[in-house]
Amino acid sequence: MKVFITARIDPDQIDRLTANGFKVEQGGFGLTGVKLDQDQLIAKFKDIDVAIIEFENITGEILKSSSSLKIMACLRNEPAASTDIVAASKLNIPVLFTPGRNAVAVAEYTIGLMLSVARSIATTHHLLRYTDELTSVSYSDKAGERKAVTSEWSMDPDAPFQRFQGEELMGKTVGLVGAGFIGQEIAKRASALGMKLLAFDPYAKADQLAKLNIELVELDKLASESDFVVMAAKVTPESTGVFSAKAFAQMKKSAYFINTARAALVDYAGLYKVLAENKIAGAALDVYPTEPLPSDSPLRKLSNVVLSPHLAGATTGVVKHHSKMVVDDLLLIKGGKIPSRVANPEVMAEFIKKGGLK
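Just so you know, the sequence shown maps onto residues 911 to 1268 in the numbering used here.
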């Protein structure tokens, strides 16, 4: 049974595959850091049984070109980002995927951004390391009686201690726009910090969220009552632009906006307006309408924004998580069982009828 892997994958899981009779070949992004193009993929797909990909784009043409392919596996939360699921379904090819693979990574990073923007961590680091703004000033309360002060900073009104007075997270309210895998992991960590939890999610069930001390509310209530609004939804036709200029207008002047999900969820023009006019306290952003963030983006000129380059899901742990998830499912299928995570479950009956993974 031949498996071709272009995803980043944990070597321990390759060992599991080989121990269970799979012949493994690696290539593409996971091996070299460079994605294979369509012609290269067509050539590789000619005689394989299973393909495990992450960032390569698997088109219908690639799928149709292979007479041997039995299973596609896309190591993403949203497999349609890399795989033509409609085409796979027409060919009765199950598409395995890895929902929640990066939930812990994104949740931890989100809490980090909340702390960074509320306590000016990134801002003061930059000022102290790359400028003299905080160290070249002669403060009045240090003049006269003290010739040299090396153990404490000034307490003047324009000194760091007063200029960057921050907010504690304890007792504040987090409003989660989206309460799936990632939203719930954020909630666990926010709750541990003593924060109150609200969520807006049309697909969530109030009784299930209540187990995590999350109150399910309408978006208007979330926007107006949250101290931190956190985007944690996936992009769908219904969620695109869900946090609009109207929602920003409802936020507290003291509130912060965090987006570690997707830019398409948010009206970025509306966000820029409330930030530029200081109608909210600040924002921390990991995703943007255009990536990489353009050098002339007006967001770069704002002092109340923390910016990061789409790193929330970038951890070695994510690779371990998605590797185990996909190998677990492949071994289930090999054993004649139904996989736990399949994007097109409607094809499984025909897949099994034709012999499955044998």
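Where a beta carbon is used, it is the ideal one built from N, C-alpha and C, also for glycine.
Remember, it's a predicted structure, so these values are computed and weren't measured experimentally.
So what's residue i in DSSP terms, helix, strand or just coil?
i: Met1065; result: coil
i: Leu927; result: helix
i: Leu941; result: helix
i: Ala1102; result: helix
i: Ile919; result: coil
i: Ile1092; result: helix
i: Phe1167; result: strand
i: Phe1071; result: helix
i: Ser999; result: helix
i: Asp947; result: coil
i: Lys974; result: helix
i: Ala1143; result: coil
i: Lys1162; result: coil
i: Lys1264; result: coil
Using a Cβ-Cβ cut-off of 8 Å (strictly less than) and excluding sequence neighbours within five positions of residue i, which residues of its own chain qualify?
i: Val1237; result: Gln923, Arg926 and Leu927
i: Thr1150; result: Ala1174 and Leu1175
i: Thr1034; result: Leu1044, Pro1070 and Phe1074
i: Asp959; result: Met911, Lys912, Val913, Ser978, Leu979, Lys980, Ile981 and Leu1267
i: Gly1081; result: Gly1104, Met1105 and Lys1106
With DSSP as the reference, identify every bridge partner of residue i, one or two as the case may be.
i: Thr993; result: Ile968
i: Tyr872; result: Look at the range of the chain in this structure, 911 to 1268, and you will see that residue 872 is not part of it.
i: Lys933; result: Lys912
i: Val1084; result: Leu1107 and Phe1138
i: Ile958; result: According to DSSP, which records beta bridges pairwise, Ile958 is partnered with nothing at all.
i: Ile981; result: Val960
i: Phe1153; result: Val1176
Can you round the beta-carbon distance between residue i and residue j to whole angstroms, since I take them to be within the 8 Å contact cut?
i: Leu1006; j: Arg1251; result: 6 Å
i: Ile915; j: Gln936; result: 5 Å
i: Gly1192; j: Val1027; result: 5 Å
i: Leu1037; j: Arg1011; result: So it is not a contact: roughly 36 Å between Cβ atoms.
i: Met982; j: Leu1267; result: Not quite, the Cβ-Cβ distance comes to about 12 Å (not below 8 Å), so this is no contact.
i: Ile919; j: Ser1233; result: 5 Å
i: Phe932; j: Phe965; result: At roughly 22 Å, the Cβ-Cβ gap does not stay under 8 Å, so Phe932 and Phe965 are not in contact.
i: Ala1253; j: Pro989; result: 5 Å
i: Gly1085; j: Phe1138; result: 7 Å
i: Leu1240; j: Asn1214; result: Not confirmed; about 47 Å, so no contact.
i: Ile1168; j: Val1140; result: 5 Å
i: Val1229; j: Asn1002; result: Val1229 to Asn1002, Cβ: 30 Å. No contact.
Return no unless some Cβ of chain C is closer than 7 Å to the Cβ of residue i.
i: Lys945; result: This model lacks chain C altogether; it includes just one protein chain.
Give every residue of the same chain whose Cβ lies closer than 6 Å to the Cβ of residue i, excluding the five residues on either side of it in the sequence, and list them in chain order.
i: Ala1222; result: Val1016, Tyr1019, Thr1170 and Asp1196
i: Arg1172; result: Val1145 and Val1197
i: Met1161; result: Ala1133 and Ile1190
i: Val1152; result: Leu1175
i: Tyr1178; result: Pro1199
i: Gly1265; result: none
i: Arg1099; result: Ala1017 and Ile1021
i: Asp994; result: Thr969 and Gly970
So, for residue i: in the same chain, excluding its five sequence neighbours on each side, which residues have a beta-carbon less than 7 Å away from its beta-carbon?
i: Pro1009; result: Asn987, Phe1091 and Arg1251
i: Ile1031; result: Leu1025
i: Gly1180; result: Ser1154, Ala1155 and Phe1158
i: Asn998; result: It is worth fixing the name first, because residue 998 is Ala in this sequence and not Asn. Within the same chain, Ala998 has close Cβ partners Leu973, Met982, Val1005 and Asn1254.
i: Val1014; result: Glu1095 and Gly1227
i: Leu1212; result: Leu1185 and Ala1186
Exercise. Which runs of the alpha helix (DSSP H) fall wholly inside the region 1002-1053 and span at least 4 residues, in chain order?
Worked result: Within the region 1002-1053, the complete alpha helix (DSSP H) runs of at least 4 residues are 1013-1029 and 1031-1040.
For this session: Within the region 1177-1260, note down every full alpha helix (DSSP H) run reaching 4 residues or more, in order along the chain.
Result: Fully enclosed alpha helix (DSSP H) runs of 4 or longer: 1178-1186 and 1226-1244.
For this session: Entirely within the region 1110-1139 and at least 4 residues each: give me those alpha helix (DSSP H) ranges in chain order.
Result: Entirely contained in the region 1110-1139, the alpha helix (DSSP H) runs reaching 4 residues are, in chain order, 1116-1120 and 1129-1135.
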